[in-house]
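Residue numbers (the numbering used here): 133 to 374. All residues carry an ideal CB built from backbone N, CA and C; glycine is no exception. A quick note: this is a predicted structure, and the numbers were derived from the prediction, not measured.
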């Protein structure tokens, strides 16, 4: 087996309009039946993900909060991979009336057009937090945390080489982990910059594209695509909490 794992984004990739339909869940089951590993890599917070997707048990690991949180569905354990966004930053944004403003185990998130207020507040407080965009979402993360670092932590736990992984995504925050993996795929609705960077682009958009990819992986193991040498791996962040 050339590719022994699939790492997939959630919104705009596995999910369409925030939902994963029965056909996609069935495709995940077909892939699991081939003894491949499944890893979900999402910007969503776990509580929100559980509400919208009651099938996390299909995955060996869930990388949530844009790489800041690692969840183990089999045991229910959740691990923070970094220190939380400072409370004083969250408090300052609340005082400015920034809405919506969600706070997870590590990150905080809002939506455009609040990115300027977020960046200005980070600067005023002399913090080293980063801002990552996911289409309309504006996520505030600790420095050095992204989907790549989260996926690296998941792969280390599973004993997988990045070259064994097919990765699929659609948006700005997917660039980091797509570059890590042996084969990178963009769904048809992906941003142009993501399509340009990936090895393959699906015919179908969002969920249809993810199913198309899964079926091709099962049928062919992408025998016509040798794994790319990934960029030099960054050292995975150690869990901050157990």
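For residue 242: DSSP bridge partner residues:
270
Every unbroken beta strand (DSSP E) within the stretch 172–237, with a cutoff of 3 residues, ordered by chain:
193–196, 201–204 and 209–212
Proximal residues to residue 157 (C-beta, below 6 Å), its chain only, five neighbours per side dropped:
187
Assigned secondary structure, residue 169 (DSSP; H/G/I helix, E/B strand, else coil)
strand
Assumed close pair residue 138, residue 298 - CB separation to whole angstroms, cut-off 8 Å:
5 Å
Do residue 290 and residue 354 have their C-beta atoms closer together than 7 Å?
no
Below 8 Å, can you find three or more Cβ-Cβ pairs linking the stretch 258–266 to the stretch 159–166?
no
Is it true that the stretch 173–187 meets the stretch 211–222, where meeting means three or more beta-carbon pairs spaced less than 8 Å apart?
no
Considering only heavy atoms of the ligand GDP, does any lie closer than 6 Å to the CB of residue 256?
Here there are no bound small molecules, and the ligand GDP is not part of this structure.
Expressed to the nearest angstrom, what Euclidean distance is found between the alpha-carbon atoms of residue 274 and residue 281?
12 Å
Helix, strand or coil: how does DSSP classify residue 278 here?
coil
Excluding the 5 residues flanking residue 359 on each side, which residues of the same chain have their C-beta closer than 8 Å to its C-beta?
134, 135, 295, 296, 314 and 315
Residue 137 - DSSP class collapsed to helix/strand/coil
strand
Does DSSP put residue 261 in a helix, a strand or coil?
coil
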